[in-house]
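Counted the way mature numbering (1 follows the signal peptide of the UniProt record, and there is no 0) counts, the sequence shown spans residues -19 to -1, 1 to 142.
Cβ coordinates follow ideal geometry from the N, Cα and C atoms, glycine included.
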Amino acid sequence: MKRIVTIFFCLFILSTAFAQEQNFKEFYQSNKDKAEVSLNIPSFFANMFISDEDTDEFGVFLKKSKNYKIMVFNNNMVSVQKDFQKFARKNKLKTLVRVKDGKERVTVYFRESKDRIKEIIVNVHDNTDELVLLGIKTNLTMDELSAMVEASTKNKSIASN
């Protein structure tokens, strides 16, 4: 009896852990056939194409990024956007930033687990044509993310002067 209870407890713990791992990968898998372009790129390969100037600002982020998933939608953008919004609400993604410029909108979400940012998802769309989703698997602390945003903001204000 003790063995059965132990096995049941272990299975419960495992199922709970996997159930909480609802991430962008699942959205990617279920919607990649609708996308005009869908790419799953390991970070070691993608990081080779990032300029040295950007590695100064985003060095920690690039080191801690593991995988990039990119999806581009054209024709069925509205239905996929609705599905993504449901996905974001269901998985309690937190909004980091929202930017509007005319019809174009950019929203950056993140998924946090145990005081670590495990995933960053960038949603870029306009109201009529295209939707681009970028999912980045990472393992950042909030302090690291804040430092990265602050460094980026300082460099932008220096460049505009």
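Excluding the 5 residues flanking Arg79 on each side, which residues of the same chain have their C-beta closer than 6 Å to its C-beta?
Your numbering for residue 79 matches position 98 in the sequence shown. Excluding positions up to five away in sequence, the list reads Thr88.
Per the contact definition of three or more C-beta pairs closer than 8 Å, is the region 67 to 86 in contact with the region 44 to 57?
The region 44 to 57, when compared against the region 67 to 86, does not touch it at the 8 Å Cβ threshold.
Which partner residues does Asp82 have in the DSSP bridge list?
Here residue 82 refers to the residue found at position 101 of the sequence shown. Bridge partners of Asp82: Glu85.
Do Asn120 and Thr95 count as a contact pair if the criterion is CB distance below 8 Å?
The count along the sequence shown starts at 1 and reaches residue 95 at position 114. The count along the sequence shown starts at 1 and reaches residue 120 at position 139. Inspection of the sequence shows that residue 95 is occupied by Lys rather than by Thr. Contact: no.
Is DSSP giving Asn4 helix, strand or coil here?
Within the sequence shown, the letter at position 23 stands for residue 4. Here Asn4 sits in coil by DSSP.
Tell me the DSSP secondary structure of Leu126 in three-state form.
Residue numbering aside, residue 126 sits at position 145 when the sequence shown is read from its first letter. Three-state DSSP puts Leu126 in a helix.
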